[in-house]
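S.K.:
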Amino acid sequence: MRGNRIAGLLMLALLVLALAFVPLFAGKFYVQFAAKILIMAIFAMSLDLLLGTTGMVSFGHAAFYGAGAYALALLTPQYQAASFWTSFPLAVAASAFLAFVIGLFVVRMQGIYFIMVTLAFAQMLYFLFYDTKIGGGNDGIFIDMRPVAKIGDWQPINLDNYSHVYYLALALFALVFLLLRTVLASPFGRVLAGIKANEQRMRSLGYATFRYKLACFVIAGATAGVAGYLAALQFGVVNPEMLGWHLSGAVMMMVILGGMGTLAGPVLGAAVWMLLELWFQDLTKHWHLLMGGFIVLTALFLPNGLIGLVARVAGGSVQRDA
Amino acid sequence: MDFNIFLIQVLNGVQYGLLLFLVASGLTLVFGIMGIINVAHGSFYMIGAYLAWSLAAQAGSFWLALPLAIVLSVLIGLALEWLVIRWLYKRDHLYQVLCTYGLILVFEELRSVLWGDDVRSLPIPALLNQSIPLTDTLTYPVYRLWISLVCLVVALGLYLAIQKTRLGMSIRAGATDRDMVQSLGINIQLVYRIVFAAGIALASFAGMIAAPVSAVAPGMGNHVLIICFVVVVIGGLGSVKGALIASLAIGLVDTFGKVVHLELGGVKLLPELSSMTVYVLMAGVLLWRPEGLFGRKL
């Protein structure tokens, strides 16, 4: 167990080190694409906390991603830049708060109700931004000026530079990975795993499962907000699609594709998913057909995701809770 | 709001609600009986509308297109159950959601390949293209009344089929205990296939009769799907009666949300936020009864 943990940390360190070299070799398109993968990896890891760890199948996780993104857009004054040091924590807090409010309603739901109600709440938010002028309507908002990350007069990172954005995404990716790992290994994380295995039993053991699930929902929402903030920062634009259910479905797919409940799985899933999308878009105008077919086949034939496939080929087995 | 306008809004709300019921009843039946959550259900609303549009253009008559489109929808439903859905019965809901989410992408793209991405419109059939005068200046279109009537007939037929026929008996029994029904010599696999195809046909039929009064457009199924989720959650999963009541409630709330003016402390709430009224209704019902109006206790 302990050996595993150290090996995992070593792998992460090596991965981050290798990824740190990307901007030295790749052109702008690929650096931005790699940053996008890292952002999606953060997003997928946050959903995995619900899906894989606690067994809460949220079909509206894009709501919190979008909340983080819209928070940056709304915190940026017109023709001026926001400060990274205030806008980032505020965006994450906004996502966390939204997750808390929605969580109060949805967390006591079970199974299929949970799926439908999370979806309905996310769509409610989608229509709020789509129909009203709060967030620029269906066109969204352009963020003309990227946030400035100044400490006094010193500017450690220039967010107008795409490589710097990439490094920010990489740093936050590593941070989120480590944080979630710590959460999962903590007694709190063990309770979550216990809830997934048998919530009734955890309740009989005296755990107030509602509070644990709500806390988990808030952490996942806040983490999704980190991803959304980064996405808004990188693309310089937010629109209602960032809250939409297509994104909720896609991120769910990344988690399943990689392998639920493994943290490394969603990262792998995000990378493979984004690369597939890039490839399919190159092949045909009707690439959704290929993507859809791929999803159907994965859901039918690859229940443990790619991590499970790797483990099976390697002759081992992946730990499954469900 | 004077009485005639009120009456028109009630009629509109009921018509919209009944249309929703056709889609939502299939969703709730497929879940209640087969234990399958099919998020691609809304796609069939779209497919129905496009089928009606293209067949009516080919055949030159809406009335000829309708039965053809229904037959085609049933066939698609049967094929889909056989190809994909039957593998999902024993799987976790998560994989059902994913797999059918993949199907949405496939159907949307097939629609794009077959019929293009343009918004189409289908003329109201000549026979029903009339209006009933309510006052000197206000009239109500006959076609909308016809939609409500047809939906009511279908709802009644559904009730009779489930409560009063042998097939309905097997369906109800299958929802309770699949294995027991199987060992009593009923081909439950066949029953499931019929239920699934019927659900698909209902959604598709709703799309067909809605086509002349709404734009036949890409993505039209997605909005309906989400609203139907709300309907099913409010009514209680698996309850057809609940779906009917919730559909009507949502139809009326949504319709009146768009015409009523409501201000609270100087903040304009309605009709500005009318697209959110149904979700507020859902949240309210869930706080009161987490299992929905007619759902089994959680």
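Here the protein sequences come in this chain order: D and W. Note that numbering that gives the first Met the number 0 has the first sequence beginning at 0, numbered continuously upward. Note that numbering that gives the first Met the number 0 has the second sequence beginning at 0, numbered continuously upward. C-beta atoms are modelled at their ideal positions from N, C-alpha and C, and glycine is treated no differently.
Express the C-alpha separation of residue 112/D and residue 317/D in angstroms, rounding to a whole number.
M.R.: Walking along the first sequence from the start, residue 317/D turns up at place 318. Walking along the first sequence from the start, residue 112/D turns up at place 113. Here residue 317/D scores only 49 on pLDDT, less than 50, and its place in the model is too uncertain to base an answer on.
S.K.: So residue 86/W contacts chain D; which residues on that side make the cut at Cβ distance below 8 angstroms?
M.R.: Translated into positions along the second sequence, residue 86/W becomes position 87. Those within 8 angstroms of residue 86/W in chain D are 299.
S.K.: So what's residue 109/D in DSSP terms, helix, strand or just coil?
M.R.: Along the first sequence, read from residue 1 onward, the residue named residue 109/D stands at position 110. The answer is coil: DSSP assigns residue 109/D none of H, G, I, E or B.
S.K.: Hey, residue 62/D and residue 237/D are a contact pair by Cβ (cut 8 angstroms); roughly how many whole angstroms apart?
M.R.: By 1-based counting over the first sequence, the position of residue 62/D is 63. By 1-based counting over the first sequence, the position of residue 237/D is 238. In fact, because the Cβ distance is near 13 angstroms, the residues do not count as touching under 8 angstroms.
S.K.: Do residue 241/D and residue 68/D have their beta-carbon atoms positioned less than 8 angstroms apart in this structure?
M.R.: By 1-based counting over the first sequence, the position of residue 68/D is 69. By 1-based counting over the first sequence, the position of residue 241/D is 242. A Cβ-Cβ contact shorter than 8 angstroms links residue 68/D with residue 241/D.
S.K.: How is the beta strand (DSSP E) around residue 139/W delimited, first residue to last?
M.R.: As a working note, residue 139/W is residue 140 in the second sequence. Start and end: 138-140.
S.K.: Which residues of chain W have a Cβ atom closer than 9 angstroms to the Cβ of residue 186/D, listed in chain order?
M.R.: To locate residue 186/D, count along the first sequence from 1; it is residue 187. None at all; the shortest Cβ gap to chain W is about 26 angstroms.
S.K.: Whose C-beta lies closer than 7 angstroms to the C-beta of residue 287/W among residues of the same chain, with five residues either side of it excluded?
M.R.: Within the second sequence, residue 287/W is the residue found at index 288, counting from 1. Answer for residue 287/W: no residue qualifies.
S.K.: If the criterion is Cβ atoms closer than 8 angstroms, does the pair residue 153/W and residue 247/W meet it?
M.R.: Here the question's residue 153/W lines up with position 154 in the second sequence. Here the question's residue 247/W lines up with position 248 in the second sequence. Not closer than 8 angstroms, so no.
S.K.: Ignore the nearest five residues each way along the sequence and tell me which others in residue 138/W's own chain have a CB closer than 8 angstroms to its CB.
M.R.: Translated into positions along the second sequence, residue 138/W becomes position 139. Answer for residue 138/W: 130, 131, 132, listed in chain order.
S.K.: Would residue 235/D and residue 83/D be called neighbours here (beta carbons separated by less than 8 angstroms)?
M.R.: Here residue 235/D refers to the residue found at position 236 when the first sequence is read from its first residue. Here residue 83/D refers to the residue found at position 84 when the first sequence is read from its first residue. Cβ distance not < 8 angstroms, so residue 235/D and residue 83/D don't count as in contact.
S.K.: Taking the alpha-carbon positions, what's the residue 305/D to residue 17/D distance?
M.R.: The residue you call residue 305/D lines up with position 306 of the first sequence. The residue you call residue 17/D lines up with position 18 of the first sequence. If you take the alpha carbons of residue 305/D and residue 17/D, they lie about 22 angstroms apart.
S.K.: Please specify which runs of the beta strand (DSSP E), each continuous and at least 3 residues long, are wholly inside the stretch 66-137 of chain W, giving them in chain order.
M.R.: 130-132
S.K.: Interface residues of chain W around residue 285/D at Cβ under 8 angstroms?
M.R.: Numbered from its first residue, the first sequence carries residue 285/D at position 286. Residues of chain W with a Cβ closer than 8 angstroms to the Cβ of residue 285/D are, in chain order, 108, 111, 112.
S.K.: By the criterion of Cβ-Cβ separation under 9 angstroms, what are the contact partners of residue 117/D in chain W?
M.R.: To locate residue 117/D, count along the first sequence from 1; it is residue 118. Under the 9 angstroms cutoff, chain W gives no residues; its nearest Cβ is about 10 angstroms from residue 117/D.
S.K.: Rounded to whole angstroms, how far is the Cβ of residue 151/W from the Cβ of residue 17/W, which I believe are closer than 8 angstroms?
M.R.: The count along the second sequence starts at 1 and reaches residue 151/W at position 152. The count along the second sequence starts at 1 and reaches residue 17/W at position 18. Sure, about 7 angstroms apart at Cβ, within 8 angstroms.
S.K.: Within the 8 angstroms Cβ cut-off, does residue 311/D reach chain W?
M.R.: Start at 1 with the first residue of the first sequence, and residue 311/D comes out as number 312. It does not; no Cβ of chain W falls within 8 angstroms.
S.K.: With respect to the alpha helix (DSSP H) encompassing residue 148/D, which residues constitute its N-terminal and C-terminal limits?
M.R.: Counted from its first residue, the first sequence places residue 148/D at position 149. Run containing residue 148/D: none in the alpha helix (DSSP H); it sits in the beta strand (DSSP E), 148-150.
S.K.: So, with DSSP's three-state summary, where would you put residue 336/D?
M.R.: There is no way to answer for residue 336/D, as the model of chain D reaches only from 0 to 321.
S.K.: Below 8 angstroms CB to CB, which residues in the same chain sit around residue 49/D once its five sequence neighbours on both sides are set aside?
M.R.: Within the first sequence, residue 49/D is the residue found at index 50, counting from 1. Excluding sequence neighbours, residue 49/D sits near 55, 56, 57, 60, 215, 216, 219.
S.K.: Look at the Cβ atom of residue 100/W, then the Cβ atom of residue 294/D, and state whether they are nearer than 8 angstroms.
M.R.: Position 101 of the second sequence, counting from 1, holds the residue named residue 100/W. Position 295 of the first sequence, counting from 1, holds the residue named residue 294/D. For residue 100/W and residue 294/D, yes; Cβs fall inside 8 angstroms.
S.K.: Using a cut-off of 8 angstroms between C-beta atoms, extract the partners of residue 131/D located in chain W.
M.R.: Residue mapping note: residue 131/D aligns to position 132 of the first sequence, counting from 1. Simply 271, 272.
S.K.: Quick check: residue 283/W and residue 269/W, are their CB atoms within less than 8 angstroms of each other?
M.R.: Stepping through the second sequence from its first residue, residue 283/W is reached at position 284. Stepping through the second sequence from its first residue, residue 269/W is reached at position 270. In this structure, residue 269/W does not lie closer than 8 angstroms to residue 283/W by Cβ.
S.K.: Along the chain, where does the alpha helix (DSSP H) that runs through residue 229/W open and close?
M.R.: On the second sequence, residue 229/W is found 230 positions in, with the first residue counted as 1. Looking at the DSSP string, the run of the alpha helix (DSSP H) that includes residue 229/W is 219-234.
S.K.: How about residue 240/W and residue 195/W: do their beta carbons lie closer than 8 angstroms?
M.R.: Within the second sequence, the letter at position 241 stands for residue 240/W. Within the second sequence, the letter at position 196 stands for residue 195/W. No, these two residues do not count as a Cβ contact at 8 angstroms.
S.K.: For residue 33/W and residue 191/W, I'd like the C-alpha separation in whole angstroms.
M.R.: Start at 1 with the first residue of the second sequence, and residue 33/W comes out as number 34. Start at 1 with the first residue of the second sequence, and residue 191/W comes out as number 192. Looking at the two C-alpha atoms, the distance is approximately 6 angstroms.
S.K.: Indicate the three-state DSSP secondary structure (helix, strand or coil) for residue 38/D in the structure shown.
M.R.: For the purposes of this step, residue 38/D is identified with residue 39 of the first sequence, where counting begins at 1. DSSP places residue 38/D in helix when its eight states are reduced to three.
S.K.: Which full runs of the alpha helix (DSSP H) of 4+ residues lie inside the stretch 199-264 of chain D, going along the chain?
M.R.: 208-234, 244-257
S.K.: Contact criterion: CB-CB distance below 8 angstroms. Does residue 112/D meet it with respect to chain W?
M.R.: Position 113 of the first sequence holds residue 112/D. Closer than 8 angstroms: yes.
S.K.: So if DSSP puts residue 266/W in a beta bridge, which residue, or which two residues, is it bridged to?
M.R.: Against the second sequence, residue 266/W aligns to sequence position 267. According to DSSP, which records beta bridges pairwise, residue 266/W is partnered with 263/W.
S.K.: Going straight from the alpha carbon of residue 42/W to that of residue 214/W, what length do you get?
M.R.: By 1-based counting over the second sequence, the position of residue 42/W is 43. By 1-based counting over the second sequence, the position of residue 214/W is 215. Straight-line Cα distance between these residues: approximately 15 angstroms.
S.K.: Please check if any C-beta of chain W sits within less than 8 angstroms of the C-beta of residue 122/D.
M.R.: Counted from its first residue, the first sequence places residue 122/D at position 123. Yes, residue 122/D lies at the interface with chain W (some Cβ there is under 8 angstroms from its Cβ).
S.K.: In angstroms with no decimal places, state the Cα-to-Cα distance between residue 238/W and residue 28/W.
M.R.: The residue labelled residue 238/W in the question sits at position 239 within the second sequence. The residue labelled residue 28/W in the question sits at position 29 within the second sequence. If I take the Cα positions, the gap works out to 7 angstroms.
S.K.: Would you mind telling me which residues of chain W sit closer than 7 angstroms to residue 126/D, beta carbon to beta carbon, in chain order?
M.R.: Numbered from 1 along the first sequence, position 127 holds the residue referred to as residue 126/D. Those are 274, 275, listed as they occur along chain W.
S.K.: With 16 other CB atoms within 10 Å as the buried threshold, where does residue 260/W fall?
M.R.: Within the second sequence, residue 260/W is the residue found at index 261, counting from 1. Residue 260/W comes out exposed.
S.K.: For a contact meaning CB atoms closer than 7 angstroms, what does residue 100/W contact in chain D?
M.R.: In the second sequence, the residue the question calls residue 100/W occupies position 101. Correct list: 248, 294.
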